[in-house]
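Read through the structure below, which is laid out as structure tokens, and then see the notes.
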Amino acid sequence: MQLTSRLEKALITSAILLCGIVGTYFIENQYTLKQNQLKTIRFSDAKNKVAEVSAELSLSLQKKIYSAYTLANIISTQPSITNQQLQKISQSLLNHDSQLMGLGIAIDDVITYVYPELLYAAAVGRDTTESPAVRTQIQKLKSNPLALAQGTVHKVEDAPELYILRSPIYAGDIGSRTYQGHILLLVNIQKVVEDSHLLDSVYSIAVRHKEDPTQVFGDLQAIKKPLLVNDVEINYGDWEVFIAEKPDANPAFWYLINPVRWYGYLILSIILAMFAIISMLYLQARQRSMQDELTGLPNRRYFIYTLKNIIGNAKHSGTRFALMNIDLDGFKQINDNYGHASGDLILKQVAKRLRKSVRANDTIARVGGDEFLIIVSRIKNEEELAQLVHSIQSRVEQGQYLVQGAFVNIKVSIGYSLYHDKSITFDHLLSEADINMYKNKALKRQLKGLRRAEIETINALDKNSNH
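First residue of the sequence shown: 27, per my numbering; consecutive thereafter.
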């Protein structure tokens, strides 16, 4: 029988839900803050990576431009240099720079020398200005004769992994320099990518020429969804550096964000579980504190609390109700004759019959020993109450109770009081029902005494008549 109110359960459930909502909001708020911090860290890390890549690329290509510039000076100052001498110089350049695949010299923009000759001999005699793209590069080189070292980078059309770096050959002093041709350095861009840290475990990085988007190298996935795009000037050309996180990468700073949810929801779950357990134990304890352990009926504490509430409601609504006091007759003799265990069994059976005798909205309680109290709601008049009393008494006294193999008869005394006026108090109701119960018990004793005297008189008359 549930004695805890629905309001208590609703309040506890609401408190648990509110705690869960507040906890979830706090965890998700912290998670968002950590995400923002992580974005800031990622952006800063990406900027550093872009700066590192730009510096490495610029340094790598600038190194090659100065190598080409040195070779161009040798050619312009030593017009009679032999192919054998050029081969030694070329071999030395390729030995010191593993990114170089070969070189060539184009006097008047026509290739006159290549190294290694065995690989690139077919290029000798080719006019480099035949290609519009190369013509544009050469014009760019000629447009700045005062620069000591300069160069342009362009992709080889039939070999995407190779790029050609061109650097001009000038003769004469600064201010009166004459363009004689240019140096070609064949660069393995894949090796440049590897040495420039473009291949990264966390980031996808790609470099693309702004004017010619076909000139692109690195991880092309970075261009699709970049985290950061940075413009950088590399050797007289405007390039874009794209950087994006790899989908399967796990950045070193992942630990800043994941534990927020892991530990947050773990702690919240523990708190909610503890709250739920404590609430359940509280409701169970409250249930036990208001329930008679033997019969399972409400006890005196619950009954008094309920009766006071019903009186308070009746004063405002003007409804009528009644209070019954039920006491077992001769219960002490049952305990003395059959033992307390048998008496407890009788009380359980009586409680079961009483529970079946009352309506669903009535309240029945065992308040001590063999005494039961019933609150009968919505009683119209005393006649209706008297009928209910008779019905309850008949059900309880009907039939016999089996105790230790023997059948015993149970009789009850019932007193009642009717709440029909706002002036009636709590104590008055209990007192009147109690007094009426004892009056009923006393009346039964008187009737029992009269019956005994009547039987004795009849027996005496029978004896006299026999004499």
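Glycine included, each C-beta is placed from N, C-alpha and C at the ideal position.
Original post:
Could you give the C-beta distance for residue 23 and residue 207, rounded to a whole number, given that I count them as a contact under 8 Å?
Top reply: Because the chain here runs from 27 to 493, residue 23 falls outside it and cannot be looked at.
Subject >> Separation of residue 431 from residue 368, as counted between CA atoms >> reply: Residue 368 and residue 431: Cα-Cα distance of roughly 11 Å.
**OP:** Leaving out five residues on either side along the sequence, give the residues of the same chain with a beta carbon under 6 Å from the beta carbon of residue 264.
**Re:** So the qualifying residues of the chain are 236.
Subject >> Anticipated Cβ contact below 8 Å, residue 341 with residue 448, distance rounded >> reply: Contact flag correct, Cβ pair sits at about 5 Å.
Original post:
Start and end of the alpha helix (DSSP H) containing residue 361?
Top reply: Where residue 361 is concerned, the enclosing alpha helix (DSSP H) starts and stops at 357-364.
**OP:** Look at the Cβ atom of residue 140, then the Cβ atom of residue 151, and state whether they are nearer than 8 Å.
**Re:** No. Outside cutoff.
Original post:
In three-state DSSP terms, what is residue 172?
Top reply: In the structure shown, residue 172 sits in coil (DSSP, three-state: anything other than H, G, I, E or B).
Original post:
In this structure, does DSSP put residue 271 in helix, strand or coil?
Top reply: Residue state, collapsed to three classes: strand.
Original post:
When DSSP labels each residue in this structure, what does residue 278 get in the three-state scheme?
Top reply: Residue confidence is low: residue 278 scores 49 on pLDDT, short of 50, so the model does not pin down where it sits. Its coordinate-derived value is still stated next. Here residue 278 sits in coil by DSSP.
Subject >> Own chain residues within Cβ distance below 8 Å of residue 278, not counting five before or after >> reply: In this prediction, residue 278 scores a pLDDT of 49, lower than 50, which makes its location untrustworthy; no coordinate-derived value is stated.
Subject >> 8 Å contact criterion, which residue 76 and residue 269 should meet: CB distance rounded >> reply: Confirmed, Cβ separation roughly 6 Å.
Original post:
Thinking C-alpha only, which one of 109, 171, 258 is nearest residue 138?
Top reply: It is 109.
Original post:
With 16 as the cutoff for other CB atoms within 10 Å, does residue 304 come out buried or exposed?
Top reply: Residue 304 is exposed by the Cβ-count criterion.
Subject >> Straight-line gap, residue 327 to residue 57 (C-alpha atoms, nearest Å) >> reply: C-alpha separation (whole angstroms): 50 Å.
Original post:
Thinking C-beta only, is residue 330 closer than 8 Å to residue 347?
Top reply: Against a cut-off of 8 Å, the Cβ pair of residue 330 and residue 347 comes out as no contact.
Subject >> Supposed close pair residue 354, residue 438 - CB separation, criterion 8 Å >> reply: About 6 Å separates the two Cβ atoms, so the contact holds.
Subject >> Nearest candidate by alpha-carbon position, reference residue 244, set 83, 423, 55 >> reply: 83 is the residue among 83, 423, 55 whose C-alpha sits nearest the C-alpha of residue 244.
Original post:
Run through DSSP, which three-state label would residue 228 get?
Top reply: In this structure, residue 228 counts as coil in the three-state DSSP scheme.
Original post:
For residue 392, is the classification buried or exposed, using 16 other Cβ atoms within 10 angstroms of its Cβ as the cut-off for buried?
Top reply: Counting Cβ neighbours within 10 Å, residue 392 comes out buried, since at least 16 surround it.
Subject >> Cβ distance (whole Å) where residue 112 is taken to contact residue 119 below 8 Å >> reply: So it is not a contact: roughly 10 Å between Cβ atoms.
Original post:
Does the Cβ-Cβ distance between residue 194 and residue 211 come in under 8 Å?
Top reply: Using a Cβ distance threshold of 8 Å, residue 194 and residue 211 do not count as a contacting pair.
Original post:
With 16 as the cutoff for other CB atoms within 10 Å, does residue 128 come out buried or exposed?
Top reply: Of the other Cβ atoms in all chains shown, 16 or more fall within 10 Å of the Cβ of residue 128; this residue is therefore buried.
Subject >> Secondary structure of residue 353, DSSP reduced to three states >> reply: Residue state, collapsed to three classes: strand.
**OP:** Measure the alpha-carbon distance for residue 256 versus residue 143 and round it to whole angstroms.
**Re:** Straight-line Cα distance between these residues: approximately 40 Å.
Subject >> Presumed contact (8 Å Cβ cut-off) between residue 217 and residue 124, rounded CB distance >> reply: Yes, residue 217 and residue 124 are in contact; Cβ-Cβ is about 6 Å, under 8 Å.
Original post:
Three-state secondary structure (DSSP) at residue 449?
Top reply: Residue 449: coil per DSSP, three-state reduction.
Original post:
For the segment 188-228, which segments carrying the beta strand (DSSP E) assignment without a break, of at least 3 residues, lie completely within its bounds, in sequence order?
Top reply: DSSP runs (the beta strand (DSSP E)) wholly in the segment 188-228: 204-214.
Subject >> Within 8 Å, strictly: CB atoms of residue 352 and residue 398 >> reply: Yes; because the gap between Cβ atoms is below 8 Å, this pair is in contact.
Original post:
Would residue 453 be called buried (16 or more neighbouring beta carbons within 10 Å of its own) or exposed?
Top reply: By the Cβ-count criterion, residue 453 is exposed, with fewer than 16 other Cβ atoms from all chains shown falling within 10 Å of its own Cβ.
**OP:** Please look up how many angstroms separate the CB atoms of residue 421 and residue 457, rounded, as I've assumed it's under 8 Å.
**Re:** The pair is not a contact, with the Cβ atoms about 26 Å apart (cut-off 8 Å).
**OP:** Measure the beta-carbon distance from residue 97 to residue 115 and round it to whole angstroms, keeping in mind my assumption that it falls under 8 Å.
**Re:** Contact holds; Cβ gap of about 6 Å.
Original post:
What does residue 462 pair with, by DSSP beta-bridge criteria?
Top reply: Beta-bridge pairing links residue 462 to no other residue.
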